[in-house]
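Working notes, beginning with the structure itself.
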Amino acid sequence: ELAEFEEGEPGAGAGEAGDSGPLPVVAVVGRPNVGKSTLVNRIIGRREAVVEDVPGVTRDRVTYEASWRGRSFTLVDTGGWDPQATGMALRIAEQAQIAVELADVILFVVDATVGVTDADEAVAQVLRRSGKPVVLAANKVDDQRMELEASALWSLGIGEPMPVSALHGRSSGDLLDAVLDALPEAPPQRFGAERGPRRVALVGRPNVGKSSLLNKLAGEERVLVDPMAGTTRDPVDELIELGGKTWRFVDTAGIRRRDRELKGADFYASMRTRAALERSEVAVVLIDASEVLTEQDLRIISLVIESGRCMVVAFNKWDLVDEDRRYYLEKEIDRQLVRVPWALRVNISAKTGRHVDRLVPAIERALESWSTRVPTARLNAFLTELVRATPPPVRGGKQPKILFATQAAVEPPKFVLFTSGFLEETYRRFIERRIREEFGFAGSPVFVTMKIRE
Ligand code: GDP
Ligand code: GDP
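Per UniProt numbering, the sequence shown starts with residue 15, numbered consecutively.
Structure, rendered in structure tokens:
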């Protein structure tokens, strides 16, 4: 069950810098039907992405792990949206803007058989202003005769168009080489205390009180920003001083821009949340305690789980919850958040300021857990004892053994068990639970994987 965060809880121990920094992010942008998903399929080897024959089908999954010449990166497909939607130009600009904010490199796809359209122009404009590296793919160049068509795309002012055929794979290797060249040398400097303020993503569905909380934390009233103004050079993040430290709240521009006013912008809301998570270390998920937990709340929690970030769940508008309902509400919340029993929880009111001061200690605790490294010797001593007391279930007449274990990564913590046989899922979960109890990973996800040695 969920433990309400308590101040003064013992810390989880000093963390070390992450050894598996975040992967660089490559975002694929372009208007509908230029072949973005086909290209994504091509890059990831058709393992996961799905090309829809029906235009406008919203694809749920948009981020994939890809690699080329031994270099891994996160590929973001911004494709799944409705070309028939109203306010197309705005949406396209929004999409490009989100891509700019979340990506290290933008892969801009244009259909060379069609040439430059107004929508392509609109995207190019946002990209040019961003200063981010852009690789321009002139797609659907299925044979050499088409290459002339591709050169017409110089007019976008993005640089050299690279003729490719996503469908047939023609020149896709050259394109990926160009993407690799454009990637930042070292992993982007997003993590660690000495590398600037810790990054917080404040996420939650519309109206839960995100901007109210920001205002409360920053101690001032804010002016709302015109939706389009944000597409140029607004500061995206905000530095806020809390508990004697400076914190970087990422994508506050997005929170203030009020995407909810874009009707049916669910996909964008989700893209934005992903983008914010991508750039953050810790997520504060805001939930409206005065209403029942919705699908959308749960989806946002899923996005956080998927992102591997540590998490604080803040139940806002607690001032609206009747005294006598509180107990039942807590029970109900426990039930609904069963997937994330490790999340730290605070009940706050952005309006009255109730318990808002508990947020920072919870965030700090979660971050500490997230970077905790268990020394290998301690881990193995602990597991040896654990396995002696509760051995893994026998499988096919054999008793699997844990030969050795190590924590392979921090931020998030990942443990690898080297075993002599298959460990049942339930047993791995049991180990995860016991590792949590022993080493204190409150507020952080913990991953336990197994490598079987024959
Ligand atoms: P998205 O909306 O940008 O993601 O575009 P899709 O990947 O769904 O592709 C739109 C259509 O263009 C599909 O029918 C694809 O088969 C087709 N297509 C994509 N890439 C190529 C290509 O390189 N050559 C040709 N001839 N068709 C392509
Ligand atoms: P956002 O869309 O998540 O940024 O939500 P807002 O900050 O705009 O808040 C939505 C509405 O909820 C506004 O009318 C706020 O005044 C109200 N609200 C926000 N926090 C609280 C709270 O703690 N208590 C109460 N009673 N209302 C709140």
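Ideal Cβ positions, reconstructed from N, Cα and C, are used throughout, including at glycine.
Since we're looking at a predicted model, the values are computed, not measured.
For Trp168, the secondary structure class from DSSP, reduced to helix, strand or coil, is helix. For ligand 1, a non-hydrogen atom lies closer than 6 Å to the CB of Lys50. A Cβ closer than 6 Å to some heavy atom of ligand 2 marks a residue here, and those residues are Gly218, Pro220, Asn221, Val222, Gly223, Lys224, Ser225, Ser226, Ile269, Asn330, Lys331, Asp333, Leu334, Ser363, Ala364, Lys365. Comparing alpha carbon positions, the residue from Ser226, Ser165, Val40 closest to Trp82 is Val40. Per DSSP, Trp356 is not a residue of any alpha helix (DSSP H), being assigned neither H nor E.
Across the structure, Val214 and Ile319 are spaced so that their CA atoms are roughly 15 Å apart. For Lys412, the secondary structure class from DSSP, reduced to helix, strand or coil, is strand.
Between Val326 and Leu373 the beta-carbon gap is near 7 Å, inside 8 Å, which marks them as a contact.
Shown here for Ala403: not one same chain residue has a beta carbon closer than 7 Å to its own, the five before and five after excluded. Here the alpha carbons of Val123 and Glu135 stand approximately 12 Å from one another. Contact between Leu393 and Ala419 holds: their C-beta atoms lie close to 5 Å from each other, under 8 Å.
Of the heavy atoms belonging to ligand 1, none sits nearer than 6 Å to the Cβ of Lys146. For Leu437, the number of other beta carbons within 10 angstroms of its own is at least 16, and it is reported as buried.
Considering only Glu292, Arg323, Val54, Asn361, the residue with the shortest C-alpha distance to Gly223 is Asn361. Remark: the C-beta of Ser165 is outside contact range of ligand 1, defined as less than 6 Å to any heavy atom. Taking 7 Å as the cut-off, the beta carbon of Glu446 is found no closer than this to the beta carbon of Phe396. At least 7 Å separates the beta-carbon of Leu300 from that of Ala283.
Excluding five sequence positions before and after Lys465, the CB atoms of its chain that fall closer than 8 Å to its own CB belong to Val430, Leu431, Phe432, Thr433, given in chain order.
In this structure, the straight-line span from the alpha carbon of Ala152 to that of Gly171 is close to 13 Å.
Taking the Cβ atoms as the reference, Val178 lies roughly 18 Å from Leu141, outside the contact range of under 8 Å.
Judged by DSSP in its simplified three-state form, Arg448 adopts helix. DSSP lists Glu255 as the bridge partner or partners of Thr260. Residue pairing by DSSP places Trp384 in no beta bridge whatsoever. Collapsing the DSSP output to three states places Phe453 in a helix. Non-local beta-carbon contacts of Gly322 in its own chain, meaning distances under 7 Å to residues more than five positions away in sequence, involve Pro426, Pro459 in chain order. Relative to ligand 1, the nearest heavy atom lies less than 6 Å away from the CB of Asp156. Ser383 is classed as buried because its beta carbon has at least 16 other beta carbons within 10 Å across all chains shown.
Annotation for Ile362: no beta strand (DSSP E) segment contains it, and DSSP assigns it neither H nor E. Assigned with DSSP and collapsed to three states, Thr420 falls in strand. Contact holds between the segment 39-56 and the segment 84-91, because three or more Cβ pairs, one in each stretch, are under 8 Å apart. The three-state reading of DSSP puts Val374 in helix, counting H, G and I together. Ligand 1 never approaches Pro175 closely enough for any of its heavy atoms to be under 6 Å from the residue's Cβ. Comparing alpha-carbon positions, the option among Val298, Arg143, Leu381 lying closest to Val217 turns out to be Val298. About 22 Å separates the beta carbon of Val130 from that of Val193, a gap too long to meet the 8 Å contact definition.
Between Ala138 and Leu53, the gap from beta carbon to beta carbon reaches 7 Å or more.
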